[in-house]
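A short write-up of the structure that comes next.
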Amino acid sequence: MKAFLFAANWKMYLSTRQELEFFNQHKQELFELAQTKNIAIFPSFTSLPAITQASKEKNLHVGAQDCSNHQKGAYTGQVSAQSLAELGCSYGIVGHSERSIFGETADIIAQKAARLIEYALCPIICVGETEEEYNNKQTIAVITKQLQPVLDLLTTYQNPHFCVAYEPVWSIGTGKVPNLEELSIVIHYLHALVQEKYSSQCVILYGGSVTSDISGQLATIPELGGFLIGGASLDFQEFKKIVLY
Ligand code: PGA
15 MKAFLFAANW KMYLSTRQEL EFFNQHKQEL FELAQTKNIA IFPSFTSLPA ITQASKEKNL
75 HVGAQDCSNH QKGAYTGQVS AQSLAELGCS YGIVGHSERS IFGETADIIA QKAARLIEYA
135 LCPIICVGET EEEYNNKQTI AVITKQLQPV LDLLTTYQNP HFCVAYEPVW SIGTGKVPNL
195 EELSIVIHYL HALVQEKYSS QCVILYGGSV TSDISGQLAT IPELGGFLIG GASLDFQEFK
255 KIVLY
C-alpha cells in the first residue's frame, strides 16, 4: 500500500504572484513534510514553471489542475500533458466538477487521463454525485457511469498508475461531508471496481470540505488512500494539521 496522499488543490483562489508568495513562505516546511509524507500541490498553470523548478530534487510532488485531452494541435488556450511533463509535473487533476460547466463528457475526461498516463503523469480522476442525485440514492450509479469510460480506455495501457477521487459535488466547499458509514461504502465500492482490473496501481481519494476536524476520522476508512484538499490547503497551519493527523 502506497503512503497516504495529501493532494492540495489550490484552485484559482490566488493570483500567480500570491501563489508564489505562499509557496516561498512555506516551501521549507513543505519540503520537510514531504520527506515523510506523500504530498502533491496543484497551483495554477502560470505558477507551475517556478514551483516545479523550485521543487526539483525534493520529495514534494507538483501537479496541474487540468490538461488537454488532445496531444497537440489547434487547441487555443489548452495545455498539453507533454508540456506538464516537460515542466516536471507528476500529477494532473481531470474531471473536477468545477470544470463541468465547460461541458466535459466522461469520454473527454478519460482521454485527458490517457494523455497524462502517456507522459508518465498520474491522473487524479474526479467523480461524484450532485445533491439531488445523492438524495435520490443514485451515488453508486452516477459514479460508475462517470468512471466506466476511464476504466475501459486505460486497459489499453500497461500498468497505468492513477487515482480516483470521490468528490460529492454537494460537499465541495460547503462544509458538508458524507458520514463515515456512507463514505466507507462508496470508497469500498470504488476500490473493488478498480481493483478488478488494475490491482494495486490505483489509489482512492476523498475530496470535499476536508479539514483537520474530520481528517483523522475519515482516514480510518481502510481502502482510503488519501485526500484531495481544496480550501483548507491554502491555510498552511490547517493543511499541516491535516497532513500530521
Ligand atoms: P474543498 O475542495 O476542500 O474546498 O471542498 C475540494 C476540491 O474541490 O478538490
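Everything in the sequence shown is counted per my numbering, starting at 15 for the first residue and increasing by one.
Built from N, CA and C at the ideal position, the CB exists for glycine as well.
Return helix, strand or coil for residue i, following the three-state DSSP convention.
i, result
"Y133", "coil"
"N38", "helix"
"M15", "Reliability of the predicted coordinates at M15 is poor, the pLDDT of 45 falling under 50, and no value is obtained from them."
"P179", "In the sequence as displayed, the identity of residue 179 is Ala instead of Pro. It is a strand residue."
"I243", "strand"
Indicate whether residue i and residue j have their beta-carbon atoms separated by less than 8 Å.
i, j, result
"K51", "A17", "yes"
"I53", "D80", "no"
"V191", "G142", "no"
"I139", "A179", "yes"
"Y105", "L135", "yes"
"V224", "A246", "yes"
"L219", "I157", "no"
"F241", "S229", "yes"
"F20", "L28", "no"
"F176", "I115", "no"
"G244", "I186", "yes"
"A22", "F45", "no"
"N73", "Q39", "no"
"L263", "L207", "Given a span of 15 to 259 for the chain in the structure shown, any question on residue 263 remains unanswerable."
Grab me the residues of residue i's own chain with a C-beta within less than 7 Å of its C-beta, minus the 5 sequence neighbours each way, in chain order.
i, result
"H202", "E237"
"A64", "L34"
"K211", "L165, T169"
"Q152", "E143"
"E118", "G109"
"T30", "S58, T60, S61"
What is the rounded straight-line gap between the Cα of residue i and the Cα of residue j?
i, j, result
"S94", "H84", "7 Å"
"Q42", "L62", "17 Å"
"I122", "S198", "28 Å"
"P163", "V257", "32 Å"
"D249", "E112", "21 Å"
"M15", "T188", "Caution is warranted here: a pLDDT of 45 is assigned to M15, below 50, making its placement in the model unreliable, and the coordinate value is therefore given only provisionally. Taking the straight line joining both Cα atoms gives about 31 Å."
"Y259", "G87", "45 Å"
"K25", "S58", "7 Å"
"F253", "Q231", "16 Å"
"E145", "E196", "14 Å"
"K159", "A120", "8 Å"
"T234", "S97", "37 Å"
"N150", "G109", "22 Å"
"K171", "Y133", "Residue identity check: residue 171 is Tyr in the sequence provided, not Lys. Y171 and Y133: Cα-Cα distance of roughly 12 Å."
"Q32", "A155", "40 Å"
"V200", "P137", "20 Å"
"S148", "K255", "Per the sequence presented here, residue 148 reads as Tyr, with Ser not at that position. The straight-line gap from Cα to Cα measures roughly 30 Å."
Report all residues from its chain with a CB closer than 6 Å to the CB of residue i; omit the five preceding and five following residues, and keep chain order.
i, result
"L167", "A124, A128"
"G221", "A179, E181, L242"
Which residues in the same chain as residue i place their Cβ atom closer than 8 Å to its Cβ, once the five residues preceding and following it in sequence are excluded?
i, result
"G102", "T66, Q67, S69, K70, V76"
"Q215", "N173, P174, H175, F176"
"S82", "Y89, Q92, V93, S94, A95, K126, R129"
"Q294", "Any answer about residue 294 is impossible in this case: the structure gives the chain only from 15 up to 259."
"Q251", "none"
- Task: Within the region 82-159, note down every full beta strand (DSSP E) run reaching 3 residues or more, in order along the chain.
- Result: 105-108, 136-141
- Message: Restricting to runs no shorter than 4 residues, where is the alpha helix (DSSP H) found entirely within the region 43-87?
- Response: 62-68
- Only counting runs of 4 or more residues, tell me where the alpha helix (DSSP H) segments fall wholly within the region 195-225, in order along the chain. none
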